[in-house]
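Those letters in the sequence shown? Residues 1 to 175, per full-length UniProt numbering, in order.
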Amino acid sequence: MTIAHHADASTLTDKEVLTWDGFGDAVRELATLVADSSFRPEILVAVARGGLIPGGGLSYALGVKLTDAINVEFYTDVEQTLPDPVLLAPHLDTESIKGRRILVVDDVADSGRTLALVLDLLQQHGAEARSAVLYGKPRSIVSPDYVWRETDRWIVFPWSAQPPVSGAQVTPTEG
Numbered sequence: 001m002t003i004a005h006h007a008d009a010s011t012l013t014d015k016e017v018l019t020w021d022g023f024g025d026a027v028r029e030l031a032t033l034v035a036d037s038s039f040r041p042e043i044l045v046a047v048a049r050g051g052l053i054p055g056g057g058l059s060y061a062l063g064v065k066l067t068d069a070i071n072v073e074f075y076t077d078v079e080q081t082l083p084d085p086v087l088l089a090p091h092l093d094t095e096s097i098k099g100r101r102i103l104v105v106d107d108v109a110d111s112g113r114t115l116a117l118v119l120d121l122l123q124q125h126g127a128e129a130r131s132a133v134l135y136g137k138p139r140s141i142v143s144p145d146y147v148w149r150e151t152d153r154w155i156v157f158p159w160s161a162q163p164p165v166s167g168a169q170v171t172p173t174e175g
């Protein structure tokens with residue numbers, strides 16, 4: 001089992017910080033970009049882990065009930081990655097996507113390598129895939145179809161702004 005790692009960006013001075021309130025606005029604005037286009041997704045695929053929360057928000061905002069996730073590991077710490085993105089099990093059900101319109105959702109297109117891997121995989125299995133991200137970065141090798149904001153800074157998302165909770169941090173209540 002892979003342990004979920006928290007990247008501590010507290011020492012970075014030049015960073016983009018997204019709050020929970022800002023996230024709510026971002027999802028609605030990103031959904032509006034998709035809705036205003038001619039693309040009508042039938043399925044939403046979130047790139048785990050970063051795309052899970054934005055994907056859930058977009059699925060509701062766009063009214064897309066068919067959702068799935070694809071597990072990719074790439075970042076290991078602040079601005080540190082594996083040599084290449086790696087697909088992790090369980091794998092996406094690729095049998096059911098042929099000919100379907102799929103919106104791939106992630107939190108950020110940083111290098112773009114994760115997004116490229118996922119889009120290529122879906123297209124190889126006959127899907128019409130487009131991508132939506134909260135943040136795009138200028139160095140990304142993929143230009144996402146829908147981007148809420150552009151930045152070249154490290155991004156602190158509200159769901160990863162604090163380290164994971166451990167049993168030692170939880171105090172039992174007396175009842």
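Backbone N, C-alpha and C fix where the C-beta goes; we use that ideal spot for every residue, glycine too.
| query | result |
| --- | --- |
| Which of helix, strand or coil DSSP assigns to THR94 | helix |
| Runs of beta strand (DSSP E) wholly within the UniProt domain "Phosphoribosyltransferase" (16-161) (minimum 3 residues, chain order) | 43-48, 66-77, 80-88, 101-109, 128-136, 146-150 and 154-156 |
| Close Cβ partners of ARG28 (< 7 Å) along its chain, the five nearest in sequence each way excluded | ALA61 |
| Option in PRO164, SER140 and GLY22 with minimal Cα separation from residue 265 | A question about residue 265 goes unanswered here, because the residues of the chain that appear run from 1 up to 175. |
| Residue environment, TRP20, which counts as buried when at least 16 other CB atoms sit within 10 Å | exposed |
| Beta-carbon separation (whole angstroms), PRO54 vs LEU134, contact threshold 8 Å | 6 Å |
| Distance CB(THR114)-CB(VAL47) smaller than 8 Å | yes |
| Rounded separation between THR2 and TYR146 - CA only | Reliability fails at THR2, whose pLDDT of 44 lies under 50, so the model's placement of it is uncertain and no value is given. |
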